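To start, the structure itself, in structure tokens.
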Amino acid sequence: FMKDWLGEEESYLHTMLEQERRRYDSCQHCGQADVTWRCLSCLGVRETCQSCMYSTHRKLLFHALEIWNKDHWEAASSTSLGLAINVGHDGDICPHADLPSWHKGNHDADNWMDVDDADAQSSMHAESNTHTESNKVVAQEIMDYRRGKQLKLYADADADDNRDNRRRRQQTHITVVDVSGVFELPINWCNCEPKTAHHKQLLNMRLYPGSQKSPRTAFTFDVLDDFMVANLETKVAPNAYWRRLIRVTNTYHPDVVPDRYRELTRCARQWLRLTTRYQHGHGYGLQEEETSVGSLAPFCVACPQPGKNLPEDWKDTGPKWLHYRHLVLDGNFKQQNLHMRRPENDVGFADGLAYTVNKENYESHLASTHRNYSKSTCNNHRATQSKRRTNHLQSTGIVSVACARHGGFVPNATADLKAGESQANSDAVASNAGWQWPLLLGVILYYDIMCQYIINFAKRMKKSKHLSWPDGVELIPAIGLFHVHGHKDECVAKFSPTFIEGTGHVDGEVLETLWAALNDIAASTLNMSTSWRVDVLNAHMRWSNLRKIMEIVKTTSQRWKKALQRYADALEDYNDFTDVCPEDKVKEWKALIKKAYADRHNNLDANMLFDVKIGQLPTRAACSETLSKTLSQRKDRIARGHSSSIDKDKDDLTDIIRWMNLGIDIEEFQLRIQSFIRQMGRRVQRGDPARLEADRRRLMIMIDAFLEEAPAYMGELIVGRDNAVTITLDITGGDNVDIIASSHGFDDHLDQDDNAEDDSDAAQIKPEQRTIGLPSAFGRKECKAHGLGRLTAIEMELRKGQAHDAIQKLREYIGKKSVLYRTDIRSARRSQHKAEAARQRVDAQTAKINIHRLYYNRAREAMLELAKKPRKIKEYKLMTIQDLTASTSLLNPSERGNRHRGLPWLWSLDI
Numbered sequence: 001f002m003k004d005w006l007g008e009e010e011s012y013l014h015t016m017l018e019q020e021r022r023r024y025d026s027c028q029h030c031g032q033a034d035v036t037w038r039c040l041s042c043l044g045v046r047e048t049c050q051s052c053m054y055s056t057h058r059k060l061l062f063h064a065l066e067i068w069n070k071d072h073w074e075a076a077s078s079t080s081l082g083l084a085i086n087v088g089h090d091g092d093i094c095p096h097a098d099l100p101s102w103h104k105g106n107h108d109a110d111n112w113m114d115v116d117d118a119d120a121q122s123s124m125h126a127e128s129n130t131h132t133e134s135n136k137v138v139a140q141e142i143m144d145y146r147r148g149k150q151l152k153l154y155a156d157a158d159a160d161d162n163r164d165n166r167r168r169r170q171q172t173h174i175t176v177v178d179v180s181g182v183f184e185l186p187i188n189w190c191n192c193e194p195k196t197a198h199h200k201q202l203l204n205m206r207l208y209p210g211s212q213k214s215p216r217t218a219f220t221f222d223v224l225d226d227f228m229v230a231n232l233e234t235k236v237a238p239n240a241y242w243r244r245l246i247r248v249t250n251t252y253h254p255d256v257v258p259d260r261y262r263e264l265t266r267c268a269r270q271w272l273r274l275t276t277r278y279q280h281g282h283g284y285g286l287q288e289e290e291t292s293v294g295s296l297a298p299f300c301v302a303c304p305q306p307g308k309n310l311p312e313d314w315k316d317t318g319p320k321w322l323h324y325r326h327l328v329l330d331g332n333f334k335q336q337n338l339h340m341r342r343p344e345n346d347v348g349f350a351d352g353l354a355y356t357v358n359k360e361n362y363e364s365h366l367a368s369t370h371r372n373y374s375k376s377t378c379n380n381h382r383a384t385q386s387k388r389r390t391n392h393l394q395s396t397g398i399v400s401v402a403c404a405r406h407g408g409f410v411p412n413a414t415a416d417l418k419a420g421e422s423q424a425n426s427d428a429v430a431s432n433a434g435w436q437w438p439l440l441l442g443v444i445l446y447y448d449i450m451c452q453y454i455i456n457f458a459k460r461m462k463k464s465k466h467l468s469w470p471d472g473v474e475l476i477p478a479i480g481l482f483h484v485h486g487h488k489d490e491c492v493a494k495f496s497p498t499f500i501e502g503t504g505h506v507d508g509e510v511l512e513t514l515w516a517a518l519n520d521i522a523a524s525t526l527n528m529s530t531s532w533r534v535d536v537l538n539a540h541m542r543w544s545n546l547r548k549i550m551e552i553v554k555t556t557s558q559r560w561k562k563a564l565q566r567y568a569d570a571l572e573d574y575n576d577f578t579d580v581c582p583e584d585k586v587k588e589w590k591a592l593i594k595k596a597y598a599d600r601h602n603n604l605d606a607n608m609l610f611d612v613k614i615g616q617l618p619t620r621a622a623c624s625e626t627l628s629k630t631l632s633q634r635k636d637r638i639a640r641g642h643s644s645s646i647d648k649d650k651d652d653l654t655d656i657i658r659w660m661n662l663g664i665d666i667e668e669f670q671l672r673i674q675s676f677i678r679q680m681g682r683r684v685q686r687g688d689p690a691r692l693e694a695d696r697r698r699l700m701i702m703i704d705a706f707l708e709e710a711p712a713y714m715g716e717l718i719v720g721r722d723n724a725v726t727i728t729l730d731i732t733g734g735d736n737v738d739i740i741a742s743s744h745g746f747d748d749h750l751d752q753d754d755n756a757e758d759d760s761d762a763a764q765i766k767p768e769q770r771t772i773g774l775p776s777a778f779g780r781k782e783c784k785a786h787g788l789g790r791l792t793a794i795e796m797e798l799r800k801g802q803a804h805d806a807i808q809k810l811r812e813y814i815g816k817k818s819v820l821y822r823t824d825i826r827s828a829r830r831s832q833h834k835a836e837a838a839r840q841r842v843d844a845q846t847a848k849i850n851i852h853r854l855y856y857n858r859a860r861e862a863m864l865e866l867a868k869k870p871r872k873i874k875e876y877k878l879m880t881i882q883d884l885t886a887s888t889s890l891l892n893p894s895e896r897g898n899r900h901r902g903l904p905w906l907w908s909l910d911i
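Numbering (the UniProt record's numbering), first residue to last: 1 to 911.
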């Protein structure tokens, strides 16, 4: 689109310049007079004579008018056209109006002439130009004001002085604030009997009066509505909105515009109050409903509410947790408020009807409680241990309760904080929230510090003179997923939503998202009066709830689709996990989980079942020791009384285990050399050929030692020293350049490069590709045929230990790699040198991950050759690149971020 616009840029500019000239010489409407006026607000930019412009704009006082001045258009006021506000009679002049002397007996617009026309001695309706000199002065002042000069005529007027016992002369002009700017207009009041107060006359004309006794300022309903939308939707502060109106009125000389900022804030507050009551059905004489708690506060329509959106038999429908209410409690320390200099001038409206608590009841509760700081049994929390200087603040923040599922603020459940987030503050809003739905079976309450808050909650409710918790409503404590991981591990098991029945996908952190939007007005509410700030907070909470109500169908539909996908993923992960677990264990675990859910209502310690710990897999060294003890005990039972033969068998068994461990070490060494050759294929550094030569010679020595002992254990089933069979290990990876793609062909590439490695005997033999002849090289069937069944069993256990060693190292290196990404990589974004160094450290961890993946896959291949039934080792899956991503580095399955992510099999192998 921008490219298309570039082709039309010049033509657009030319069109705009053309609009600055006068299109017609004579009026196209009447055809009699010259074109002298045009209106920029009318569609098509109407150009007419003065008489026609007056007749078409008698009731369009706030349009942007311009007058033709010799060779250009310039801004003009409605007053200079002869327009005035006629109150009553549908905008026509009242027959009993007290008109100014120049207007009496002269109702025709042709009898009015602006100063510019008089100076130019226009011939249009010349016979009617009988204005006095004073009338010209009035018109000239208004015209000068529209052109950017100081308006002297009304500059000293005090807009809305409400001081009693002060008489004023009758005003003939009024300041009107509209979306299109600030206007000074003559006004003709209606004097018909019975006389109506001036402020009500304005209200009947959809002009909101700035005061009630003698209004000299008025705001159109449109500008008040526009301000409310701008403030609620885009968080525009009142001061910023007023500056916008000033610039719209006079762009180059904003200081000449009458200051009506104070009147704007006062009328906006009144307008907010009136429109809120109007929208909630107030004003029909239903006193009981209008004064009920929450009568001005819409709430979430999707949450279960008995008597509103639940059937009569809802208690017998579905499980108990299906109708639990999910609420989240949290504090916000950015919503501060300064002390008022004159608190006696603060005028508050009826509170407790919207989202904030009743001030009198709340302060009575705080006065009856003692602020005791008990020692925390968990981690210290900054919210409750605030030591900042707060003497200059009347409120250090707010604490509120919202629907945890859909993010709707709860009526009558928001209160001010005083120097920290104490339990007394939280008790007040929690109690009010609980009494909103006293018929529910239970409430799941999420709170950042719930592990400490819940300890004496019941005692505080029972002891309080002003608070209580509804009987029959069970309180289920929980901590949001983001904050719970800042607690001790036992708190994760007890309070994490993941381990509480009925929480679904609720994270318990929705208030954090609501605070983000509300904090945009924190700067403007800081200096507001106490009651005005409360009204603004209520308005923004109401606006937030209304938006969520309007979007609830769309949001619920989207979440339903996401829930179906997550359910399918979770089911797949569950099946993968249970497939490798004994059936009796799965049944036992299900029974334990069911019991924990049932017992948690009375004992939170029942949830310690979910404090899952990943154990230590038996290493190859541990497997070797276990084999020695197990086989020796078996020999001892078979050959009792033959001590000499037993000792000999023990020695033989030890030698076999040592010999097989040597063979496994040789294979891992071969993999390291092949990996090193693959690296040299990409880049050869000084010293690499010499290192390769030394490794090959060392490997040859190990192979010679292994083959020398092979006949003693393998009998005739051995691989000769000159066997030409090469090792066939799966070392394939993925597209990642750090993963070994293939070892085939790289030695040939190296051989072509004379500088890569020397033409030595060790290089020609290539020991890294030779098989050494462990039982797994021949397979279980062949070994059994030669009477080597015991050796297959020994190697199977050692291979398991080898796989466990590789998995343990992989976990460690993936964890370190994740830490490097979070610390080194992110902190080095602005430094090329640091970024390169950090990348090298990450690459080093990646190389270690890759080589241990090869170790594991080699051990798995050997186990498949040795296993009697491959399904017996189904828990040892083929390791892929996807299993080794850094995001799975967290060794604790309860860690943050793993709730909806299936745990790869290598992390659950030892649970």
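By construction, the Cβ of each residue, glycine as well, lies at the ideal position given by its N, Cα and C atoms.
Only a predicted model underlies this, so the values are computations on that prediction, with no experimental measurement involved.
What is the DSSP secondary structure of V484, counted as helix, strand or coil?
-> helix
If you drop the 5 nearest sequence neighbours on each side, which residues of the same chain put their C-beta closer than 7 Å to that of G773?
-> A710, M714, I718, V719
Determine which residues share a DSSP beta bridge with E184 and list them.
-> T175
Please report the residue range of the beta strand (DSSP E) in which E474 lies.
-> First-last of the beta strand (DSSP E) with E474: 474-478.
Of the residues A240, Q305, A539, the one placed nearest T276, counting alpha carbons only | A539
Touching by the beta-carbon criterion (3+ pairs, under 8 Å), the stretch 817-826 and the stretch 790-803 = No, they do not touch.
Please report the residue range of the beta strand (DSSP E) in which S41 lies.
-> Where S41 is concerned, there is no enclosing beta strand (DSSP E), given that its DSSP letter is neither H nor E.
From the DSSP output, read off the bridge partner residues of G331.
-> DSSP output for G331 lists V399 as bridge partner(s).
Using beta-carbon positions only, say whether residue 912 and L327 come within less than 9 Å of one another.
-> Since the first and last residues shown for the chain are 1 and 911, residue 912 lies out of range.
Skipping 5 residues on each side, what residues in its chain have a beta carbon closer than 6 Å to that of T15?
-> Closer than 6 Å at the Cβ level, and outside the excluded window around T15, lies no residue.
What are the boundary residues of the beta strand (DSSP E) that includes P343?
-> Here P343 belongs to no beta strand (DSSP E), and DSSP marks it neither H nor E.
Between the stretch 298-309 and the stretch 548-555, do three or more beta carbon pairs fall short of 8 Å?
-> Segments in contact, yes.
Y856 - containing alpha helix (DSSP H), residue span | 832-866
Grab me the residues of M702's own chain with a C-beta within less than 6 Å of its C-beta, minus the 5 sequence neighbours each way, in chain order.
-> I666
Would you kindly check if the distance between the Cβ of L810 and the Cβ of L884 is under 9 Å?
-> yes
Could you pull out every unbroken alpha helix (DSSP H) segment of at least 4 residues lying fully inside the stretch 430-517, listed in chain order?
-> 450-453, 457-463, 481-484, 489-495
Can you give the Cα-Cα distance for F778 and E865, rounded to whole angstroms?
-> 8 Å
May I ask you to verify whether the stretch 257-272 touches the stretch 289-296, counting CB pairs closer than 8 Å and requiring at least 3?
-> Touching, no, given that fewer than three Cβ pairs across the two stretches are closer than 8 Å.
Pick from I500, A803, E360, E708: whose alpha carbon is nearest that of N607?
-> I500
What does a CB cutoff of less than 6 Å around A522 pick up in its chain, not counting 5 residues either side in sequence?
-> K334, Q335
Could you please give the first and the last residue of the uninterrupted alpha helix (DSSP H) stretch that includes N231?
-> 221-234 is the span of the alpha helix (DSSP H), which, as asked, contains N231.
If you scan the stretch 272-330 from start to end, which runs of the alpha helix (DSSP H) of 4 or more residues do you find wholly inside it?
-> 287-290
What are the partner residues of N86, as DSSP defines its beta bridges?
-> N188
Could you tell me the distance, in whole angstroms, from the CA atom of P767 to the CA atom of R696?
-> Answer to the nearest angstrom: the Cα atoms are 7 Å apart.
Between K418 and the ligand FAD, is the CB less than 8 Å from at least one heavy atom?
-> For the structure depicted, the ligand FAD is absent and the ligand set is empty, with no information on it obtainable.
Look at L202 and V347 and say whether their C-beta atoms are less than 9 Å apart.
-> One thing to note: L202 has its Cβ no nearer than 9 Å to the Cβ of V347.
For A76, which residues does DSSP report across the bridge?
-> L65
Please classify residue 942: is it buried, with 16 or more other beta-carbons within 10 angstroms of its beta-carbon, or exposed?
-> Only positions 1 to 911 of the chain appear in this structure, which leaves residue 942 out of reach.
Could you pull out every residue in the same chain whose Cβ sits closer than 7 Å to the Cβ of R169, ignoring the five residues on either side in sequence?
-> Any answer about R169 is weak, because its pLDDT of 42 lies below 50 and its placement is not dependable; what the coordinates show is given next. Closer than 7 Å at Cβ, skipping near neighbours: no residue.
Count the other C-beta atoms from every protein chain shown that fall within 10 angstroms of the C-beta of K494, then say buried if there are 16 or more, exposed otherwise.
-> buried
Looking at C-alpha atoms only, which residue of L571, A458, W532, A84 is the closest neighbour of N345?
-> W532
Pairwise C-alpha distance: N337 and T530 = 8 Å
Residue range of the alpha helix (DSSP H) that includes L564 | 552-579
Can you grab the Cα-Cα spacing for the pair I664 / G502, in whole Å?
-> 50 Å
When DSSP builds the beta bridges, which residues end up paired with E47?
-> R38
Is the beta carbon of A354 sitting closer than 9 Å to the one on A297?
-> Cβ distance < 9 Å, so A354 and A297 count as in contact.
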